[in-house]
Amino acid sequence: MDIANGVIRYARSPRLLDGLLKEADTGRSLPGEEVLSLAREMAGKGYEVMPIGCDHFDSRGYCLGHEDPP
Numbered sequence: 001m002d003i004a005n006g007v008i009r010y011a012r013s014p015r016l017l018d019g020l021l022k023e024a025d026t027g028r029s030l031p032g033e034e035v036l037s038l039a040r041e042m043a044g045k046g047y048e049v050m051p052i053g054c055d056h057f058d059s060r061g062y063c064l065g066h067e068d069p070p
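Residue numbers (UniProt numbering): 1 to 70.
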């Protein structure tokens, strides 16, 4: 998910981001304010995209691919 053009552009209306992400451990839907905060934090670390559902990504957040299971 693009950070600058996809998430941060909703800074004035963060409620539009409600439920976009869920906590991996609990499944709790994150409110838009938390999604926006996370996006800003990631952008500050140099991420261009939020790696959703991926744990194999580069320093910009882009998926590096995954092996197919046998």
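A virtual CB, placed ideally from N, CA and C, is assigned to each residue, including glycine.
Predicted model, so just to flag it, every value in this text is computed and none were measured.
Notebook entry, point to check: In whole angstroms, what is the alpha-carbon distance linking H56 and Y62?
Noted result: Within the sequence shown, numbered from 1, the residue matching residue 56 stands at position 56. Within the sequence shown, numbered from 1, the residue matching residue 62 stands at position 62. Taking the straight line joining both Cα atoms gives about 8 Å.
Next item on the list: Give the straight-line distance between the Cα atoms of S59 and E48, rounded to the nearest whole angstrom.
Entry: Here the question's residue 59 lines up with position 59 in the sequence shown. Here the question's residue 48 lines up with position 48 in the sequence shown. Each residue's alpha carbon lies about 9 Å from the other.
Notebook entry, point to check: Are I52 and L21 close, meaning C-beta to C-beta below 8 Å?
Noted result: Residue mapping note: residue 52 aligns to position 52 of the sequence shown, counting from 1. Residue mapping note: residue 21 aligns to position 21 of the sequence shown, counting from 1. Cβ atoms of I52 and L21: closer than 8 Å.
Note to self: Taking the straight line between their C-alpha atoms, what separation do you get for D18 and V35?
What the structure shows: Here residue 18 corresponds to residue number 18 of the sequence shown, with the count starting at 1. Here residue 35 corresponds to residue number 35 of the sequence shown, with the count starting at 1. For D18 and V35, the distance between alpha carbons rounds to 8 Å.
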